[in-house]
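For what it's worth, this note's numbering labels the leading residue of the sequence shown as 607, then goes sequentially. Cβ coordinates follow ideal geometry from the N, Cα and C atoms, glycine included.
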Amino acid sequence: MKVCFLTLGCKVNQTESEALAQYAAKKGYEVVKETEQPDAVIINTCTVTATGSSKSRKLIHRIVKDHPSSVIVVMGCYSQISPGEVAKIEGVDLVVGTQDRLSIFDYLKQVGAGEITGQVVGKNKDTLNTVKVFTPALEYEELPLIVNESRTRAMLKIQDGCSQFCSYCIVPYARGPSRSRKPENIINETKALLNSGYKEIVLTGIHIGAYGQDLDNNINLAGLISELVQIDALNRLRLGSIEPLEFTDELLAIIAATKVVCHHFHIPLQSGHNRILTEMKRPYTTEYYADLLQKIRDRLPEAALAADVMAGFPGETEHEHQETLKFIEKCEFAGIHAFPYSRRPGTPAADMPNQVPNRTKSARVKDIIRIGQKTKQKYSQKFVGREVEVLVEKVFEDGTAQGHTRNYLELKLPAQKGKEPWKPGQLVRCILKEEYLI
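So this is what it looks like as structure tokens:
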């Protein structure tokens, strides 16, 4: 059976789809592109914003139309939040949420054996909806090891779910409570990835700062990292997004004591005004956040600090927006992910008064991006003329290459004239020239 995977959304979604695709290949399925007439199409959806849900619906409808003879499976966050809505789409055969995803292959096996009849699009059938409600006893779902051809940077998922319930966020409803992967499984997978040739490991998840809170072995993110950095072959360990209150003194001390952890940290801010942070149910103030950045810079002077910033949260005034702009400029971020508030039904913020018009939100996003570009350039310029280590990730036909430094500066390297060409996965040291910066 030929199977195709299509994925929308975040890096966690991408990682999970890749794991499922490799599991499928090991089980004897032929993993193909959409253009290769798949027998089954598995769509991994997103719902973190209204745009994510809309894109998910449009993709499902297009796939049903373009592949009338294929089995259509819909999984992921959108189907977890709106399983009935997905099941009503004519042509969808199976609806799976963000749990029990390996059960997809049990279903496909039954289809292939003819044990399930009338499940092919175009026949008189009922969509099978297997989405389950989250329970407090829910455990982390192990997915297979991912090894791709490039073997450059590996995404290693250590945690799933979130129990924070910020007032604007649908993720806890889509992903369930925070649950951590067993540390021994993480360590074993890290070693396996390094043995496969990967040069950098990125710890990822939905809320990695909460790692270990649900485990009985008294381990947290700092403790996990202290174990991982003992692995001899590990040279570059990068951390995913970490909430401000979870970037603890213990974590900072462990990072400062090793050369393995990359000094690039994404610490969500969301707003630079305390009233808005309170309305968002974000458990910190701008003063706390600024002190945290300074504490990190005192220990790691050249660290790249990045943030998420939301524009147009309900009730945000122009004055509060301007205060946010002043604050983020003061923070001198090496990168900012700016995005507009998206009203998500079922969240407290969706029912708040004084919803900000879309045009205003878009304008405020542009303001944030403008300052983010300015502070990013200022940070990048510090490293021009200095030696940096680059992980080569892509090599182009003209011989040039693209990759990232340890502090996540994205560079384009010139072709190697008269020398061995660049290779993906290669770690190189070079003097950073301004024209290398992307």
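Assumed close pair residue i, residue j - CB separation to whole angstroms, cut-off 8 Å
i	j	result
residue 943	residue 914	5 Å
residue 702	residue 688	Not quite, the Cβ-Cβ distance comes to about 13 Å (not below 8 Å), so this is no contact.
residue 800	residue 840	6 Å
residue 987	residue 920	That belief does not hold up - the Cβ atoms of residue 987 and residue 920 are roughly 38 Å apart, past 8 Å.
residue 977	residue 935	5 Å
residue 812	residue 680	Contact doesn't hold; Cβ gap of about 20 Å is too wide.
Nearest neighbour of residue i, chosen from the options [CA to CA]
i	options	result
residue 1022	1015, 1002, 1016 and 1012	1002
residue 1065	713, 739 and 708	The requested residue 1065 does not occur in the structure, where the chain is confined to residues 607 to 1044.
residue 851	674, 814, 861 and 821	814
residue 1034	1040, 693 and 1018	1018
residue 991	763, 1036, 960 and 961	1036
residue 1086	638, 959, 916 and 792	The displayed coordinates of the chain run from 607 to 1044. Any statement about residue 1086 would go beyond what the structure contains.
residue 790	753, 812 and 825	825
residue 974	941, 950, 996 and 951	941
residue 843	660, 1013 and 744	1013
residue 608	623, 648 and 618	648
residue 983	1015, 693 and 993	1015
residue 808	882, 782 and 846	846
residue 771	764, 762 and 781	781
residue 1030	681, 754, 635 and 741	754
residue 950	1006, 655 and 615	655
residue 675	663, 966 and 697	697
Straight-line gap, residue i to residue j (C-alpha atoms, nearest Å)
i	j	result
residue 884	residue 1027	53 Å
residue 796	residue 767	21 Å
residue 985	residue 910	8 Å
residue 981	residue 651	33 Å
residue 823	residue 860	19 Å
residue 724	residue 735	In this prediction, residue 724 has a pLDDT of 41, which is less than 50 and means its spatial position is unreliable; nothing more can be read from the coordinates.
residue 639	residue 865	40 Å
residue 873	residue 660	28 Å
residue 645	residue 856	51 Å
residue 1004	residue 705	44 Å
Proximity below 7 Å, CB of residue i to CB of residue j
i	j	result
residue 892	residue 933	yes
residue 666	residue 710	no
residue 669	residue 699	no
residue 999	residue 758	yes
residue 776	residue 953	yes
residue 631	residue 773	no
residue 785	residue 838	no
residue 810	residue 879	no
residue 657	residue 683	no
residue 805	residue 997	yes
residue 882	residue 849	no
Any chain D beta carbon closer than 7 Å to residue i
i	result
residue 748	The chain inventory of the structure shown lacks chain D, comprising one protein chain alone.
Uninterrupted alpha helix (DSSP H) stretches inside the stretch 850-902 (no shorter than 4 residues):
Fully enclosed alpha helix (DSSP H) runs of 4 or longer: 855-862 and 880-886.
Within the stretch 817-842, note down every full alpha helix (DSSP H) run reaching 4 residues or more, in order along the chain.
827-834
Quick check on the DSSP output: what are the complete alpha helix (DSSP H) runs of length 4 or more inside the stretch 958-1039, in order along the chain?
964-987
Within the stretch 893-958, ranges of the beta strand (DSSP E) (whole runs, at least 3 residues):
910-917 and 941-946
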